[in-house]
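The structure under discussion appears below in the form of structure tokens.
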Amino acid sequence: MATQNIGTVKWFNTEKGFGFIQLENENDEFFVHHSEVNSSGYGRVNLIEGQKVSFEIGRNEKGPQAKNVAAI
1 MATQNIGTVK WFNTEKGFGF IQLENENDEF FVHHSEVNSS GYGRVNLIEG QKVSFEIGRN
61 EKGPQAKNVA AI
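The UniProt record's numbering puts the first residue of the sequence shown at 1, with every later residue one more than the last.
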């Protein structure tokens with residue numbers, strides 16, 4: 001099972017559907033795409049600057065990425 005991390009949304013562009021999450025108590029930042037944000041409904045889910053989230057760290061072709069993101 002993947003490790004769950006806690007972080008804060010640094011910024012999220014709702015028009016483009018991506019942003020960055022900063023790992024709690026660290027300076028590490030991870031790219032997040034709207035397709036990795038968990039939702040109980042339909043449509044695109046947006047994150048809000050300053051929102052606390054849990055997430056797993058994965059990789060894409062450009063490097064580390066937040067996966068399985070959920071608001072907490």
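C-beta atoms are modelled at their ideal positions from N, C-alpha and C, and glycine is treated no differently.
Quiz item: For E39, which of helix, strand or coil comes out of DSSP?
Solution: The residue you asked about is not Glu; residue 39 is Ser in the sequence shown. Three-state result, S39: coil.
Quiz item: Considering only C-alpha positions, which residue in the set K62, I72 and I6 is nearest to N27?
Solution: Looking at the Cα atoms, I6 is the closest of the given residues.
Practice problem: For E36, count neighbouring Cβ atoms within 10 angstroms of its own Cβ and tell me buried if that reaches 16, exposed if not. | Solution: Residue environment for E36: buried (at least 16 other C-beta atoms within 10 angstroms of its C-beta).
Quiz item: From the DSSP output, which residues share a beta bridge with E5?
Solution: According to the sequence provided, residue 5 is Asn. The question's Glu does not apply to it. Paired residue(s): F55.
Practice problem: For N38, collect the residues of the same chain with a Cβ closer than 6 Å to its Cβ; drop the 5 residues on either side in sequence, then sort them by chain order. | Solution: Result list for N38: A70, in chain order.
Quiz prompt | Neighbour-count burial assignment, Q65, 16 or more Cβ in a 10 Å radius | solution = The residue in question, Q65, is buried, as its Cβ has 16 or more Cβ neighbours within 10 Å.
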